[in-house]
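Protein sequence lines correspond, in order, to chains V and U.
Take the first sequence: its position 176, counted from the start at 1, is 176 in the UniProt record's numbering, and no numbers get skipped.
Take the second sequence: its position 105, counted from the start at 1, is 105 in the UniProt record's numbering, and no numbers get skipped.
The beta-carbon is built from N, C-alpha and C at its ideal position, and this holds for glycine as well.
This one's a predicted model, so the numbers in the text were calculated from it and none came from an experiment.
Written below as structure tokens is the structure these notes are about.
Number of protein chains: 2
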Amino acid sequence: MRLVSGMRSVTALADLPQLERQTLSGTAYAALSDLLASGRLAPGERLSLRQSAAAFGVSVMPVREAVSRLVADGVLEVSPARVIRVPMMSQDAFRALAETRIAVEGIAAARTALRHSAEDLSAIRNAEAAFRSEAEATQPDRARAIQLNRDLHFAIYDACGLAPLREIIARLWLKAGPVINLDLRAHPERLRQGFALRRHAEALAAIEARDAPAAERAIAADIREAAEFILARGGLQDHSGGD
Amino acid sequence: MRLVSGMRSVTALADLPQLERQTLSGTAYAALSDLLASGRLAPGERLSLRQSAAAFGVSVMPVREAVSRLVADGVLEVSPARVIRVPMMSQDAFRALAETRIAVEGIAAARTALRHSAEDLSAIRNAEAAFRSEAEATQPDRARAIQLNRDLHFAIYDACGLAPLREIIARLWLKAGPVINLDLRAHPERLRQGFALRRHAEALAAIEARDAPAAERAIAADIREAAEFILARGGLQDHSGGD
DNA sequence: GCTAGTGATCTGTGATCACAGCTGACGGGA
DNA sequence: TCCCGTCAGCTGTGATCACAGATCACTAGC
């Protein structure tokens, strides 16, 4: 802490980008998160520590730590029989998750509308345009569309100015990811209906106009419509106890 | 899965309480969480895997997993020098955390006001009375008051009907816990000023009247006043770079 | 006297081993 | 033909060992 006073010769090194150590556990966590977010690990699917470790080319140790973090987040679950799987979500649970997202992401969008900077706005505009051009393509790439949709939403949330809030939303997306992607895989036609496009445009317009309630409504509608679409499809298990 | 059809004799066992296994990692996590929530681990304090393991009477393995979960939650941090410590929170970070709590917990309180059941309400009433009697005692027990305050807040949040939201709030409290408790330890006189008491009474009244905006305001005020009190005390490090 | 080098010690991380318990297929009995 | 006990092969969990790197007290050298 006496860097400034005593070590003037290396003062140029004082504020370096603080390159952080990359731990194997962290890498495994990122890899698993990606698998989940992209829907390549579907609800109900099992996961083996040793197999995953072999696939990643590491020992079970890092995978184990990554899995335990995912379990803590509720993105994976380990049954009493010691079986790791991505949880089946009941209709009720999915509905609760969607409502939570509506509330939390709505707040973030409203805040962004009020306090966004010029850079924030242009980032959001770019993200919206990127998603639009992909969704309106004659042959939309599903995986790419998912990624661009995510980019747009988080461009908005990044600008809300509350790091903890953004982090919460990231966790919620991790939880909802498998269900949403599984559905989109089964019913890719939703992309063409353009619901999301309209809501995104509304959100962008509201943010540009610094109209917080409108931004909140647009994001809420975006989430709600997607959730209702999935619930209508009935891919989720009924809470009344179907096996 | 053919329990019903083929094994009629044991059908009485079909819907047993699904007793869950207690893992050492889970126990360690609970123990560390408690240490953090009760403020016995102050911001900046270090933590050693081996020492903690020895203290708990287990190997480093379970502690390690517990710590990695806490780190994922941002409640602990591990520096590039591989030092585990509870993070120092800057004033800005604390302010952002408080604003996030105001938003999220406000939502939960508003929902509870609208949809609480009779049981919910009586649980909230009891919790409010318990905190009040402790806070108004001639010799308030600080640790007990903290616990009762927590009980009251979560009695309200439990009734909001959104499990994911409740979980988010629990994480936020874990994060804010060390700072709040450290401050309360240094300045116990805040308990006597009765700010919290007034806000709690307002929240209870609003919930009883099913007045969602008022409930949201009361909880927001409760959080905001506590945060401002702590910020005014100046125990947090300034973001401009004090060491 | 103060700085800079040095080595013992302790840190988290990762690999490997040991173990209890669940799973699921096989085979004997009704 | 169907049920049920049995056993091999997994599972996750926990302990232990190995290792690179950071810390900190100490000492040699200016």
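TODO: List the residues of chain U that residue 172 of chain V touches, going by C-beta distances under 9 Å, in chain order.
DONE: In the first sequence, the residue the question calls residue 172 of chain V occupies position 172. Going along chain U in sequence order, the residues near residue 172 of chain V (Cβ under 9 Å) are 164, 168.
TODO: Could you tell me whether the Cβ of residue 69 of chain V comes closer than 8 Å to any Cβ of chain U?
DONE: What you label residue 69 of chain V is simply residue 69 of the first sequence in a count that begins at 1. Yes, its Cβ sits closer than 8 Å to a Cβ of chain U.
Task: Cβ of residue 232 of chain V within 8 Å of any chain U Cβ - done: Numbered from 1 along the first sequence, position 232 holds the residue referred to as residue 232 of chain V. Judged by the 8 Å Cβ criterion, residue 232 of chain V is not in contact with chain U.
Task: Through-space distance from residue 45 of chain U to residue 98 of chain U, alpha-carbon basis - done: Position 98 of the second sequence holds residue 98 of chain U. Position 45 of the second sequence holds residue 45 of chain U. In this model, residue 98 of chain U and residue 45 of chain U are separated by some 22 Å (Cα to Cα).
Task: Partners in chain V for residue 244 of chain U, counting only beta-carbon separations shorter than 7 Å - done: Residue 244 of chain U lies beyond the range of chain U shown here (1 to 243); nothing can be said about it.
Task: Exposure of residue 82 of chain U, with buried meaning 16 or more beta-carbon neighbours within 10 Å - done: The sequence position of residue 82 of chain U within the second sequence is 82, counting from 1. Within a 10 Å sphere around the beta-carbon of residue 82 of chain U sit fewer than 16 other beta-carbons, which makes this residue exposed.
Task: residue 41 of chain U beta carbon less than 8 Å from that of residue 178 of chain U - done: For the purposes of this step, residue 178 of chain U is taken as the residue at position 178 of the second sequence. For the purposes of this step, residue 41 of chain U is taken as the residue at position 41 of the second sequence. Yes, they are a contact pair.
Open item on the list: Let's test the definition: count the other Cβ atoms within 10 Å of the Cβ of residue 115 of chain U and tell me whether it reaches 16, buried, or not, exposed.
Closed with: Numbered from its first residue, the second sequence carries residue 115 of chain U at position 115. Exposed is the call here.
TODO: State the beta-bridge partners of residue 85 of chain V as determined by DSSP.
DONE: As a first step, residue 85 of chain V is located in the first sequence; it is residue number 85 there, counting from the start. In DSSP, residue 85 of chain V forms a bridge with V:46, V:77.
Task: alpha helix (DSSP H) runs wholly inside the region 152-216 of chain U, at least 4 long, in chain order - done: Taking only runs of at least 4 residues, the alpha helix (DSSP H) segments lying wholly in the region 152-216 of chain U are 163-186, 190-193, 195-208.
- [ ] Determine the direct distance from the alpha carbon of residue 152 of chain V to that of residue 94 of chain U, and round the result to whole angstroms.
- [x] Within the second sequence, the letter at position 94 stands for residue 94 of chain U. Within the first sequence, the letter at position 152 stands for residue 152 of chain V. Straight-line Cα distance between these residues: approximately 27 Å.
- [ ] Please check the pair residue 202 of chain U and residue 218 of chain U, which I expect to be a contact at CB under 8 Å, by giving their CB distance rounded to whole angstroms.
- [x] Translated into positions along the second sequence, residue 202 of chain U becomes position 202. Translated into positions along the second sequence, residue 218 of chain U becomes position 218. Right, the Cβ-Cβ distance comes to about 4 Å (below 8 Å), so this counts as a contact.
Task: Span of the alpha helix (DSSP H), counted from its first residue to its last, around residue 137 of chain V - done: For the purposes of this step, residue 137 of chain V is identified with residue 137 of the first sequence, where counting begins at 1. Per DSSP, residue 137 of chain V is not a residue of any alpha helix (DSSP H), being assigned neither H nor E.
Task: Contact set for residue 233 of chain U: own chain, Cβ-Cβ below 7 Å, skip 5 residues either direction - done: Within the second sequence, residue 233 of chain U is the residue found at index 233, counting from 1. A distance below 7 Å between beta-carbons, with the five flanking residues on each side excluded, links residue 233 of chain U to the following residues of its chain, in chain order: 183, 187.
Task: Segment contact, 8 Å Cβ cut-off, at least three pairs: the region 158-165 of chain U with the region 126-140 of chain U - done: Contact fails: fewer than three Cβ-Cβ distances are below 8 Å.
- [ ] Could you work out which residue in U:55, U:150, U:175, U:145 is closest to residue 86 of chain U when comparing CA atoms only?
- [x] The count along the second sequence starts at 1 and reaches residue 86 of chain U at position 86. Of U:55, U:150, U:175, U:145, the residue nearest in Cα terms is U:175.
- [ ] Using a Cβ-Cβ cut-off of less than 7 Å, list which residues of the region 90-121 of chain U approach chain V; keep chain order.
- [x] Within the region 90-121 of chain U, the qualifying residues are 96, 97, 99, 100, 103, 104, 107.
Task: Three-way DSSP call (helix, strand, coil) for residue 22 of chain U in this model - done: Residue mapping note: residue 22 of chain U aligns to position 22 of the second sequence, counting from 1. Of the three classes helix, strand and coil, the one that applies to residue 22 of chain U here is coil, per DSSP.
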